[in-house]
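For the sequence shown, the positions run 8 to 244 when the numbering used here is used. Data block below; observations after.
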Amino acid sequence: MCGVPCRLPFRCIARLRCVGYMCSEEWEATYLKFIRIVVNPKKFSKILRQWDLEPRAKILDLCCGTGGTIEVFRKAGYHQVYGLDISMNLLCRVKKGIPVLCADANACPIKNESFDVVVIHKALHHFLDHHRLLAEIKRILKPDGIFCFIEPRKTWFRKLYHVALLSPFAELFPPLVRMRHAALIEEGKTYFKWLDNTDEFFDLLEHKFSFTTESRQDDFMHHIVKCRSQKQSDSRI
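If you want it as structure tokens, here you go:
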């Protein structure tokens, strides 16, 4: 056991049923090909400095994939970082010594108020039901806990990128781009819904789940957000 109160031990690699999350072998293959693009250590290190989290904070990387962001956390001096992902295939590639749990983020086998910080790196747009996910994040965060996330932002450049990827000519592109095209087709139901309804998500975050935004940077392609959980009555959830 890793010291985090949960109903399953971390480093538990087991296939669990996923509800409301887009994840397939084809998508995973694309993710692994694009891993250095998805997780840019230099860029993420800069974002960590901006978030200015407490060094001794107990942090959960939700939808951690192969653990790339956890490695950046550790190099930055954060040593109580844990990972959770639905994919056994991805978790098997996490470096030894990093505590991980194979589970559904919508129903984490983790006790209430277990973490100081929950981080999601480019995975919110995979979920069909953000209300359910935020309720779970709220539950496992300690009072006054921090929720940080990085997600795609709807910009003209991203729109042009999508038009190119989804065009009939995508089959003429190099193999790596064709794989990204296939993954985007799979993600489409949730990905484009996210881009079109981002404002609704922020409204849900603030007014339904009482998170206060401490910093929000909208760069050329992404929303980079740090928010803090405020006390609320259970009836509001």
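For glycine and all other residues, C-beta sits at the position ideal for the given N, C-alpha and C.
* **Opening and closing residue of the beta strand (DSSP E) in which ARG160 lies** => In the sequence shown, the residue the question calls residue 160 occupies position 153. From DSSP, ARG160 is part of no beta strand (DSSP E); its letter is neither H nor E.
* Kindly indicate which three-state DSSP category MET29 falls into: helix, strand or coil? => The residue given as residue 29 occupies position 22 in the sequence shown. Low per-residue confidence applies at MET29: pLDDT is 48, beneath 50, and the placement is therefore not dependable, though the value from the model is reported in the following sentence. Of the three classes helix, strand and coil, the one that applies to MET29 here is coil, per DSSP.
* How many angstroms separate the CA atom of GLY90 from the CA atom of LYS196? -> As a first step, residue 90 must be located in the sequence shown, where it is residue number 83. As a first step, residue 196 must be located in the sequence shown, where it is residue number 189. Taking the straight line joining both Cα atoms gives about 26 Å.
* **Three-state secondary structure (DSSP) of PHE122** => The sequence position of residue 122 within the sequence shown is 115, counting from 1. Note: PHE122 maps to strand in three-state DSSP.
* **Neighbourhood of CYS71 by C-beta distance below 7 Å, restricted to the same chain and skipping five residues each side** => The sequence position of residue 71 within the sequence shown is 64, counting from 1. Closer than 7 Å at the Cβ level, and outside the excluded window around CYS71, lie ILE77, GLY90, LEU91, ASP92 and VAL107.
* Drop a sphere of 10 angstroms on the beta-carbon of ASN96, count the other beta-carbons inside from all chains shown, and report buried for 16 or more, exposed for fewer. => Numbered from 1 along the sequence shown, position 89 holds the residue referred to as residue 96. So ASN96 ends up on the buried side.
* **Rounded separation between ARG146 and LEU39 - CA only** => Here residue 146 refers to the residue found at position 139 of the sequence shown. Here residue 39 refers to the residue found at position 32 of the sequence shown. Roughly 31 Å separates the two Cα atoms.
* Asked: Quick one: what does DSSP say ARG165 is sitting in, helix, strand or coil?
  -> As a position in the sequence shown, residue 165 is number 158, starting the count at 1. ARG165: helix per DSSP, three-state reduction.
* Asked: How big is the Cα-Cα spacing for SER222 and ILE157?
  -> As a first step, residue 222 must be located in the sequence shown, where it is residue number 215. As a first step, residue 157 must be located in the sequence shown, where it is residue number 150. Straight-line Cα distance between these residues: approximately 12 Å.
* Burial state of GLN87 (16 or more Cβ within 10 Å) -> Here residue 87 refers to the residue found at position 80 when the sequence shown is read from its first residue. Buried, because 16 or more other Cβ atoms sit within 10 Å of the Cβ of GLN87.
* TRP58 to LEU167 span [Cα, whole Å] -> As a first step, residue 58 must be located in the sequence shown, where it is residue number 51. As a first step, residue 167 must be located in the sequence shown, where it is residue number 160. Roughly 30 Å between the two C-alpha positions.
* Terminal residues of the alpha helix (DSSP H) in which LEU60 lies -> The residue given as residue 60 occupies position 53 in the sequence shown. Counting along the chain, LEU60 falls outside any alpha helix (DSSP H), and DSSP gives it neither H nor E.
* In the DSSP assignment, find the unbroken beta strand (DSSP E) run with ILE231 in it and report its ends. => The count along the sequence shown starts at 1 and reaches residue 231 at position 224. Start and end: 229-236.
* Asked: Buried or exposed: LYS233, going by 16 or more other Cβ atoms within 10 Å of its Cβ?
  -> Walking along the sequence shown from the start, residue 233 turns up at place 226. Counting Cβ neighbours within 10 Å, LYS233 comes out buried, since at least 16 surround it.
* Between the Cα of ARG85 and the Cα atoms of LEU131, LYS215, GLU61 and ASP203, which residue gives the shortest distance? -> As a first step, residue 85 is located in the sequence shown; it is residue number 78 there, counting from the start. This sequence places Tyr at residue 85; Arg is not what is there. Measuring from the Cα of TYR85, the nearest candidate turns out to be GLU61.
* **Member of SER52, HIS138, PRO175 and ILE117 whose CA lies at the smallest distance from the CA of LEU212** => Residue numbering aside, residue 212 sits at position 205 when the sequence shown is read from its first letter. Among SER52, HIS138, PRO175 and ILE117, the Cα nearest to that of LEU212 is on HIS138.
* Give the straight-line distance between the Cα atoms of GLY152 and ASP226, rounded to the nearest whole angstrom. => Position 145 of the sequence shown holds residue 152. Position 219 of the sequence shown holds residue 226. Taking the straight line from one Cα to the other gives about 25 Å.
* Candidates LYS215, THR162 and ASP68: which alpha carbon is nearest ASP123's? -> For the purposes of this step, residue 123 is taken as residue 116 along the sequence shown, with counting starting at 1. Nearest of LYS215, THR162 and ASP68 to ASP123, Cα basis: ASP68.
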